[in-house]
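Q: In the working numbering, the protein residues as written are 2 to 159.
The beta-carbon is built from N, C-alpha and C at its ideal position, and this holds for glycine as well.
The structure under discussion is supplied below as structure tokens; questions concerning it will follow.
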């Protein structure tokens with residue numbers, strides 16, 4: 002198991018999921034409370050679910066038990082701590098700044114992970130960064146559109 006593979010899935014999953022929730026919930030009536038509650042659920046329930054999924058997948062792939070335990074543990078821990086940083090932004094900053102800091106932090110971390118993985122695999126790191134950041138941007142844009150659509154839908158119902 003490469004050094005990066007211990008962290009890359011958990012960090013990437015946390016970044017994309019957190020950015021989607023932060024952007025998607027940022028326009029709700031109490032965004033800080035809703036975002037923090039959602040991110041805490043992700044940090045615990047979704048994180049356990051993903052870690053168990055990785056664990057079972059690797060068992061079915063007949064990996065060694067120490068590899069399975071290590072990847073499960075590091076996936077959980079990485080996701081948990083990345084999500085906690087997003088929570089700190091939401092908790093400590095006004096929501097507008099928290100969104101900017103969250104996007105900046107998420108994209109930067111994703112770019113750094115992409116760079117090191119590409120270097121390890123001896124492929125063009127800038128192409129990998131562009132590809133991964135583009136996917137994150139699509140998630141951000143879609144989350145924003147869904148949020149706007151839901152707000153418009155419910156404002157016409159009430």
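Taking a contact to mean a Cβ-Cβ separation below 8 Å, would you say residue 100 touches residue 23 in this structure?
A: In this structure, residue 23 lies closer than 8 Å to residue 100 by Cβ.
Q: Contact between the region 57-65 and the region 15-34: three or more CB pairs below 8 Å?
A: No contact exists between the region 57-65 and the region 15-34.
Q: Between which two residues does the alpha helix (DSSP H) carrying residue 69 extend?
A: Where residue 69 is concerned, the enclosing alpha helix (DSSP H) stretches over 66-93.
Q: Residue 20 and residue 137: beta carbons closer than 8 Å?
A: Yes, the pair counts as a contact, with Cβ atoms nearer than the cut-off.
Q: What distance in whole Å lies between the Cβ atoms of residue 15 and residue 83, which are believed to be in contact at a cut-off of 8 Å?
A: With a Cβ gap of about 4 Å, residue 83 and residue 15 count as contacting.
Q: Strictly under 8 Å for the Cβ-Cβ distance: is residue 124 near chain B by that measure?
A: This model lacks chain B altogether; it includes just one protein chain.
Q: Below 8 Å, how does it come out for the region 87-97 and the region 116-136: are there three or more Cβ pairs, yes or no?
A: With the cut-off at 8 Å, the region 87-97 and the region 116-136 do not touch.
Q: Within a Cβ cutoff of 6 Å, which residues of the same chain sit near residue 59, ignoring the five residues on either side of it in sequence?
A: Cβ within range, chain order: 69.
Q: What did DSSP end up calling residue 39 once you bin it into helix, strand or coil?
A: Helix.
Q: Between the C-alpha atoms of residue 42 and residue 17, what's the straight-line distance to the nearest angstrom?
A: Each residue's alpha carbon lies about 15 Å from the other.
Q: Contact check, residue 40 vs residue 102 under 8 Å by CB: the rounded distance?
A: Not really, about 14 Å apart at Cβ, beyond 8 Å.
Q: For residue 143, does the count of other Cβ atoms within 10 angstroms reach 16, so buried, or fall short, so exposed?
A: Exposed, since its Cβ has fewer than 16 Cβ neighbours within 10 Å.
Q: With H, G and I counted as helix, E and B as strand and the rest as coil, what does DSSP make of residue 51?
A: Reduced to three states, the DSSP call for residue 51 is helix.
Q: With DSSP as the reference, label residue 9 as helix, strand or coil.
A: Correct three-state label for residue 9: helix.
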